[in-house]
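Data block below; observations after.
In the working numbering, the protein residues as written are 94 to 157.
Set out below in structure tokens:
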């Protein structure tokens, strides 16, 4: 589960960067909307948060 969250967060931030660069060059205007970029940022934030929560939980469990 942690690996999937890490992959999803990395993919979303890479897609955000691609759309941001495409927006600077006015490339793919039908796909490159502010809503799509905002959704990708939210996906990144949510998956990163869940990943680090699981990571901390695993660290705390290994200390005991």
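We put the beta carbon where it would ideally sit given N, CA and C, even for glycine.
- [ ] Can you give me the Cβ contacts of residue 121 inside the same chain, cut-off strictly under 7 Å, excluding the 5 residues immediately before and after it?
- [x] Numbered from its first residue, the chain shown carries residue 121 at position 28. Cβ-Cβ distances below 7 Å link residue 121 to 115 in the same chain, with the five nearest sequence neighbours on each side left out; the list follows chain order.
Task: Length of the line joining the Cα atoms of residue 112 and residue 135 - done: Mapped onto the chain shown, residue 112 falls at position 19. Mapped onto the chain shown, residue 135 falls at position 42. Spanning the two alpha carbons is a distance of roughly 15 Å.
Task: Sub-7 Å separation of residue 143 and residue 98 beta-carbons - done: Numbered from its first residue, the chain shown carries residue 143 at position 50. Numbered from its first residue, the chain shown carries residue 98 at position 5. Closer than 7 Å, so yes.
TODO: Rounded to whole angstroms, what's the CA-CA distance from residue 110 to residue 94? Just pull it up for me.
DONE: Position 17 of the chain shown, counted from the first residue, corresponds to residue 110. Position 1 of the chain shown, counted from the first residue, corresponds to residue 94. Going from the Cα of residue 110 to the Cα of residue 94 covers about 25 Å.
- [ ] Measure the CB-CB distance between residue 106 and residue 137 and report whether it falls below 7 Å.
- [x] If you number the chain shown from 1, residue 106 lands on position 13. If you number the chain shown from 1, residue 137 lands on position 44. Cβ distance < 7 Å, so residue 106 and residue 137 count as in contact.
TODO: Using 10 angstroms around the beta-carbon of residue 103, count the other beta-carbons present and answer buried if the total reaches 16, otherwise exposed.
DONE: One-based indexing of the chain shown puts residue 103 at position 10. Label assigned to residue 103: exposed.
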